[in-house]
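When we follow the numbering used here, the leftmost residue of the sequence shown carries the number 30, and every step to the right adds one.
Read the structure below first, then the notes.
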Amino acid sequence: MGGGTGDPPPEGPAPAEPPAPPALPTEVDAPIQDIKDTFGDFIPQDRLDGLSADRVRVLSSQEFDQAYRAARGRGADPRGVMGFYDATTGQIRIRAGKARLGLTALHEQMHAASNGGEFNWLVFDSHDNIVPRVGQKLKEAFTDHFTNQIARNHALDNSDTLYNADGRVAVAEDIESLVGENVVRQAYFGDGAEPVEDMIRAVDERCGEGTWGRVRQLCENGDFAGARAVLRPHLGAGAAPAAP
Ligand SMILES: [Zn+2]
30 MGGGTGDPPP
40 EGPAPAEPPA
50 PPALPTEVDA
60 PIQDIKDTFG
70 DFIPQDRLDG
80 LSADRVRVLS
90 SQEFDQAYRA
100 ARGRGADPRG
110 VMGFYDATTG
120 QIRIRAGKAR
130 LGLTALHEQM
140 HAASNGGEFN
150 WLVFDSHDNI
160 VPRVGQKLKE
170 AFTDHFTNQI
180 ARNHALDNSD
190 TLYNADGRVA
200 VAEDIESLVG
210 ENVVRQAYFG
220 DGAEPVEDMI
230 RAVDERCGEG
240 TWGRVRQLCE
250 NGDFAGARAV
260 LRPHLGAGAA
270 PAAP
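Shown next as structure tokens:
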């Protein structure tokens, strides 16, 4: 956005960028711009400004494990983790030596772009208890759902990730078909609890009171087919066609 003078900013070369970090795949930059172009209308400006390849570092496996434990606590288990977003520092760390570095970076950028970052969609009740209104499993489902959309535009194949393969992304797709793309994007990329509550209310209005809670719990239990079975009867007239 320009300043308050009403004059357009002068045209000219952008200030010199710091050199890109080594070992970061060059396919990262274009998808980041695509996140901004595709979802930018829903993302607050400060979060939008933070989306950058500069926040990504590729670490050796040993360094990655140390960084993961430092960010998530000494008891955190880094085995099998390929990347993570640290909301407290705004940094993304990727494990070296794995294929698909670009897709992992893209998935983590999506977390960085999302509502509340790492802690998104946790709501504090009046006793300061954390209430998982969406839950970890659905959070990742939506993250890979949006990652799929950007990956597709760049001929990157995200289809064999764990979250696509285990069926949770299909739950996110059903929810989006039920309540509409804008409601889901507002919840995921918007700010605070309100757009999340709007999405939850939209599901319950469409499918019956308590539906969201059931679907969330089934997903937390890993029963993604069960969650879809709850939603799919409502994906009839008026809803966008479900993904095959
Ligand atoms: Zn994730």
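From the three backbone atoms N, C-alpha and C, an ideal C-beta is built for every residue, glycine too.
Computed from a predicted model, the values in this text were never measured in an experiment.
Proximity of residue i and residue j at Cβ, strictly below 8 Å
i: L80; j: A134; result: no
i: F253; j: R197; result: yes
i: G119; j: R84; result: yes
i: Q178; j: T67; result: yes
i: G219; j: F113; result: no
i: D227; j: V244; result: no
i: L132; j: A180; result: yes
i: V200; j: C248; result: yes
i: A125; j: S90; result: yes
Of the residues the options, the one placed nearest residue i, counting alpha carbons only
i: Y217; options: V244, A170, A256 and A194; result: A170
i: D203; options: L191, D186 and H174; result: H174
i: A100; options: L167, D115, Q91 and D83; result: D115
i: N274; options: T190, S188 and Q74; result: In the structure displayed, the chain extends from 30 to 273; residue 274 sits before or after that span and is not available.
i: I274; options: L88, G109 and R103; result: Shown here, the chain extends from 30 to 273; a query on residue 274 therefore has no answer.
i: A205; options: G104, N187, E223 and L167; result: Note that residue 205 is Glu in the sequence shown, not Ala. Selected option, being the one with the closest Cα: L167.
i: A231; options: G164, G221, D78 and E210; result: E210
i: K65; options: L191, R214 and A222; result: R214
i: G164; options: G104, G255 and N250; result: N250
i: A184; options: G69, R129, R257 and A194; result: R129
i: M111; options: T190, P60 and V259; result: T190
Integer-rounded CB distance, given that residue j should sit under 8 Å from residue i
i: T117; j: H140; result: T117 to H140, Cβ: 13 Å. No contact.
i: H263; j: L207; result: 6 Å
i: D63; j: N182; result: 6 Å
Residue i Cβ short of 7 Å to ligand 1 heavy atom set
i: E169; result: yes
i: H140; result: yes
i: T133; result: no
i: T172; result: yes
i: H136; result: yes
Check: For the segment 174–240, which segments carrying the alpha helix (DSSP H) assignment without a break, of at least 4 residues, lie completely within its bounds, in sequence order?
Finding: 191–194, 197–208, 210–218 and 222–236
Next item on the list: Enumerate, from N- to C-terminal direction, the unbroken beta strand (DSSP E) stretches of 3 or more residues contained entirely within the segment 115–148.
Entry: 120–124
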